[in-house]
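Novice: In numbering that gives the first Met the number 0, the protein residues as written are 0 to 295.
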Amino acid sequence: MPELPEVETIVRGLKQTLPGRRILAVRLGKTDFIDDPVQLGELLPGCRIESVTRHGKFIAFALAPTAPAANSDAPVHLFVHLGMTGQLTVRLAADSAPPHTHVRFALDDGRELRYTDIRRFGRIQLVADSEVGAFRDRLGEDPLEISEAEFARRLGARHARVKALLLDQRTLRGIGNIYSDESLWRARIHPARRADLLTRDQLRTLRNAVRSVLQTAIRLRGSSISDYVDAEGNPGSFQLRHRAYQREGKPCARCKAQIRRTIVAGRSSYFCPVCQPPPRAQKRARQRNRGKKRRG
DNA sequence: AGCTCTTCCTGAAAGC
DNA sequence: TGCTTTCAGGAAGAGC
0 MPELPEVETI
10 VRGLKQTLPG
20 RRILAVRLGK
30 TDFIDDPVQL
40 GELLPGCRIE
50 SVTRHGKFIA
60 FALAPTAPAA
70 NSDAPVHLFV
80 HLGMTGQLTV
90 RLAADSAPPH
100 THVRFALDDG
110 RELRYTDIRR
120 FGRIQLVADS
130 EVGAFRDRLG
140 EDPLEISEAE
150 FARRLGARHA
160 RVKALLLDQR
170 TLRGIGNIYS
180 DESLWRARIH
190 PARRADLLTR
200 DQLRTLRNAV
210 RSVLQTAIRL
220 RGSSISDYVD
230 AEGNPGSFQL
240 RHRAYQREGK
250 PCARCKAQIR
260 RTIVAGRSSY
270 FCPVCQPPPR
280 AQKRARQRNR
290 GKKRRG
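1) Which residues in the same chain as histidine 99 place their Cβ atom closer than 7 Å to its Cβ, once the five residues preceding and following it in sequence are excluded?
2) CB of glutamate 41 to nearest heavy atom of the ligand ATP: below 6 Å?
3) Do you know how far the Cα of leucine 202 is from the Cα of lysine 291?
4) How many angstroms separate the CA atom of valine 102 from the CA atom of leucine 91?
5) Tell me whether cysteine 254 is buried or exposed, calling it buried when 16 or more other Cβ atoms sit within 10 Å of its Cβ.
6) Using 8 Å as the threshold, is the region 170-184 in touch with the region 137-150, meaning 3 or more CB pairs across them?
7) At the level of alpha carbons, what is the spacing between leucine 219 and glycine 235?
8) Could you tell me if glutamine 15 is buried or exposed, where buried requires 16 or more neighbouring beta carbons within 10 angstroms of its beta carbon?
9) Can you list, in chain order, the residues of its chain whose CB lies under 8 Å from that of histidine 241, leaving out five sequence neighbours each side?
10) Quick check on glutamate 130: buried or exposed, where buried means 16 or more other Cβ atoms within 10 Å of its Cβ?
11) Which whole-angstrom value is the C-beta distance of aspartate 298 and alanine 73, which I expect to be below 8 Å?
12) Just mark isoleucine 262 as buried or exposed, buried being the case when its beta carbon has 16 or more other beta carbons within 10 Å.
13) Determine the direct distance from the alpha carbon of arginine 210 to that of proline 142, and round the result to whole angstroms.
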């Protein structure tokens, strides 16, 4: 599943070769995950790719029309979200494309940018220049850039479970199921703990854990669990460093207790029952509160 | 406010 | 062996 480190790796790869290239043609397969496929096909041919950037898990292409024949002279941004199984690769146009390749952007150097997505949980949309700000504002802070104080402010007052907040793209942008579990394991915090009941120390530790996990994962070019590959089609290797995610029954790397799996925020959540004690005190507090409500 | 459930989709793995 | 069922999950929306 592409999360921040995977998307960052892909973007770094695309930045090497795409800026300055012109899109000659667009070929579409299935289009049910594209906001406006007709507009995509009409607007993009003739556009030059100005830049490639990452916003959370989104990949943004800034496009500028070049030919006078272009259908519009307004710059536009193409936002791509890879969902679960999306891949963006640059290949020679003559090379055969894998199954489930649904979008092919022919480039002016004989190659093409391809979007492949088995499950089509990804999204592709065009965003007008004037709306890019609003689009980005819907996302929270980048977890690699957020300050300690801002991290504590964003999470520390919330009653929600800490894992739900890590996954919420409006709180922090870019973290998914793998890196939330890996960060919580490193910070020794149970995923179901309420964020507002964490200590200052725990919030600081968690922020640092998130940073170091993401930075290491970027260095190792992401985690390849099932479908992830970078822009050149190569897998990452951070999955070899996973300490919690998908390690149910395996020994904790710190204390040798068996990693357990539970459901938090509707997602499989892996944790060490010894290093990351479940929130018993919270449970008792909730039971007391329920009692009070019934009586009151 | 925050939780749970549902929907989208395919393929791998488990169950029979 | 071969079919059917289950599960995985990012995000959005509904309903409680």
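Idealized CB from N, CA, C, for every residue including glycine.
Specialist: On the basis of the supplied data:
1) Position 100 of the first sequence, counting from 1, holds the residue named residue 99. These residues qualify, in order along the chain: Thr115, Asp116, Ile117.
2) For the ligand ATP, the structure offers nothing, since it holds no ligand at all.
3) As a first step, residue 291 is located in the first sequence; it is residue number 292 there, counting from the start. As a first step, residue 202 is located in the first sequence; it is residue number 203 there, counting from the start. Model confidence at lysine 291 stands at a pLDDT of 40, short of 50, so the residue's coordinates are unreliable; what they give is reported in the following sentence. When rounded, the distance between both Cα atoms is 30 Å.
4) In the first sequence, residue 102 corresponds to position 103, counting from 1. In the first sequence, residue 91 corresponds to position 92, counting from 1. Their Cα atoms are separated by approximately 14 Å.
5) On the first sequence, residue 254 is found 255 positions in, with the first residue counted as 1. Exposed is the call here.
6) Output reads yes: the region 137-150 touches the region 170-184.
7) To locate residue 219, count along the first sequence from 1; it is residue 220. To locate residue 235, count along the first sequence from 1; it is residue 236. Roughly 6 Å between the two C-alpha positions.
8) Here residue 15 refers to the residue found at position 16 of the first sequence. So glutamine 15 counts as exposed.
9) Position 242 of the first sequence, counted from the start, is the residue given in the question as residue 241. For histidine 241, where only same-chain residues beyond five positions count, the Cβ hits under 8 Å are Ile177, Glu181, Ser222.
10) The residue given as residue 130 occupies position 131 in the first sequence. Flag for glutamate 130 reads exposed.
11) Outside the modelled stretch of the chain, which goes from 0 to 295, sits residue 298, for which no answer is possible.
12) By one-based count along the first sequence, residue 262 stands at place 263. By the 16-neighbour rule on beta-carbons within 10 angstroms, isoleucine 262 is exposed.
13) Numbered from its first residue, the first sequence carries residue 142 at position 143. Numbered from its first residue, the first sequence carries residue 210 at position 211. Distance between the alpha carbons of proline 142 and arginine 210: 7 Å.
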